[in-house]
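Contents: one structure, followed by commentary.
In mature numbering (1 follows the signal peptide of the UniProt record, and there is no 0), the protein residues as written are -21 to -1, 1 to 195.
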């Protein structure tokens, strides 16, 4: 009996434990102060830029970001080029503080190693996805659950701050009223591999912008 028990113990000692997932990134509580809802139905790109700039220490309202990129404060979507302009350059915020900000755009689903290293340095990521055939959407990825092994990195979950935290209510006279709902501002998604790329329940991932900032 003792010999059998000893053999069982030795067997379990030789079996490697399954890798467990680790959270990588910025906690919900730490980033919450930088959350910004979008002030226009089409300004997800500007409000996402405002959030990551705020985290980098640049206090610049989304209205100023829109004006900086488009030349005027106007309701409108942001093209990839405009999103890059919104996250690159020498920024002077509302407090007169100057910062050098760089944003690198990656088209398509990023490699897991890219997201892991960026978030490991506590750097938020702007993530874009195709919400419908007509519309894309931009959000801020602040964390992931990931398993690191000899074969690579497996991402199990995305943690996202969504600037479009609204419930839409049709008006009797036409049009829509947007009611802010804070419970919609923070979301958790399990990414899936599809024939078209990486997808989350909200849509197909189309790219990311990696943002960094320094003070001259």
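The beta-carbon is built from N, C-alpha and C at its ideal position, and this holds for glycine as well.
All figures in this text were calculated on a predicted structure; none of them were measured in a lab.
Item                                                                                                                              : Value
Within the continuous beta strand (DSSP E) that includes residue 83, where are the two ends?                                      : 77 to 86
In whole angstroms, what is the alpha-carbon distance linking residue 3 and residue 120?                                          : 11 Å
Check for me: the beta strand (DSSP E) holding residue 125 runs from which residue to which?                                      : 115 to 128
When you compare only the Cα positions, how much space is there between residue 6 and residue 65?                                 : 25 Å
How big is the Cα-Cα spacing for residue 146 and residue 9?                                                                       : 25 Å
DSSP on residue 56, reduced to helix/strand/coil?                                                                                 : coil
Within the stretch 10 to 73, note down every full beta strand (DSSP E) run reaching 3 residues or more, in order along the chain. : 68 to 71
Between the alpha carbons of residue 177 and residue 1, how many angstroms are there, rounded?                                    : 20 Å
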